[in-house]
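Participant: Sequences listed follow chains A and B, in order.
Take any residue in the first sequence, count from 1 to its spot, add 710: that is its number in this note's numbering.
Take any residue in the second sequence, count from 1 to its spot, add 18: that is its number in this note's numbering.
C-beta: ideal position from N, C-alpha, C; glycine also.
Remember, it's a predicted structure, so these values are computed and weren't measured experimentally.
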Amino acid sequence: GAGVSQSPSNKVTEKGKDVELRCDPISGHTALYWYRQRLGQGLEFLIYFQGNSAPDKSGLPSDRFSAERTGESVSTLTIQRTQQEDSAVYLCASSRDSYTGELFFGEGSRLTVL
Amino acid sequence: TQLLEQSPQFLSIQEGENLTVYCNSSSVFSSLQWYRQEPGEGPVLLVTVVTGGEVKKLKRLTFQFGDARKDSSLHITAAQPGDTGLYLCAGGGRTYKYIFGTGTRLKVLA
């Protein structure tokens, strides 16, 4: 597709389980971002990739969160031992590079931890 | 830590009214962006401003970047129900990290 694709769109899981969220960026976009958005709030920066390198992981809330990216393609965000406070929409965005400024967002993955 | 505070948090107005949303920070940004987000969707870029004092117009929307590049405003003239959504400002520095504001939820009533 032409846009950023995220899956799953909705995920309900039990506390303590691991979840994987996937992001397919726009083809040719070298920069990829993950943000978290709690209900009705702004976006919280999690991690950024330039190619498959993640120069800054300081936005990840805890060591239960990790992310990887294959080349300049798919990225996965993994949350281990999920907690109820992890419930949020996880948004992925890509950009042609880190300097052009326009972020193209996917529709997000809504995570609910029971 | 860079923070972007938006005000007001919530705004409910009648169709045809004017409004202004503010985005403030104590940090200097190289660029400032405004996005609009509708329910169930990701944010969509409206505008990017890069020069202190810059004013950009997009139909009924006017965006201004503060002289010191620490703040910005979005003014909507004659609001319409289609303007309803969550408005987010985002500050960009000399690096990759785009810091998003706290958001302003606008509802325009017909």
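#1: Just mark B/G103 as buried or exposed, buried being the case when its beta carbon has 16 or more other beta carbons within 10 Å.
#2: If you measure beta-carbon to beta-carbon, which residues of the segment 89-111 of chain B are closer than 7 Å to chain A?
#3: So is B/V39 buried or exposed if we call it buried at 16+ other beta carbons inside 10 Å?
#4: Have a look at B/P61 and A/R779 and give me their C-alpha separation to the nearest angstrom.
#5: In this structure, what does DSSP give as the bridge partners for B/R54?
#6: Say whether the segment 729-739 of chain A touches the segment 21-40 of chain B, bearing in mind that this needs 3 or more beta-carbon pairs closer than 8 Å, one atom from each stretch.
#7: Look at A/L801 and A/K721 and say whether their C-beta atoms are less than 8 Å apart.
#8: At the level of alpha carbons, what is the spacing between A/P718 and B/N42?
#9: Within 10 Å of its beta-carbon, does B/R87 have 16 or more other beta-carbons around it, so buried, or fewer, so exposed?
#10: Between the segment 779-795 of chain A and the segment 74-83 of chain B, are three or more C-beta pairs nearer than 8 Å?
#11: Answer with yes or no whether the minimum CB distance from B/G84 to chain A is below 8 Å.
#12: What residue range does the beta strand (DSSP E) around A/S779 cover?
#13: Taking the beta strand (DSSP E) that B/N42 falls in, what are its first and last residues?
#14: For chain A, is any of its Cβ atoms less than 8 Å away from the one on B/F81?
#15: Among B/A97, B/Y53, B/S48, B/L29, which residue has its Cα nearest to the Cα of B/G119?
#16: Can a CB atom of chain E be found closer than 8 Å to the CB of B/L63?
#17: Could you please give the first and the last residue of the uninterrupted beta strand (DSSP E) stretch that includes A/D734?
#18: Going along chain A in order, which residues have a C-beta closer than 7 Å to the C-beta of B/S49?
#19: Suppose contacts are defined by Cβ-Cβ distances below 8 Å. Is A/Y745 in contact with A/E754 by that definition?
#20: Please state if the CB of A/T786 and the CB of A/D728 are separated by a distance shorter than 8 Å.
Facilitator: Considering the structure as presented:
#1: buried
#2: L106, G110
#3: buried
#4: 22 Å
#5: B/V62, B/Y105
#6: no
#7: no
#8: 35 Å
#9: buried
#10: no
#11: no
#12: According to the sequence provided, residue 779 of chain A is Arg. The question's Ser does not apply to it. Counting along the chain, the beta strand (DSSP E) containing A/R779 begins and ends at 775-779.
#13: 37-42
#14: no
#15: B/Y53
#16: Here chain E cannot be found, since the structure's protein chains are A and B.
#17: 729-734
#18: G811
#19: yes
#20: no
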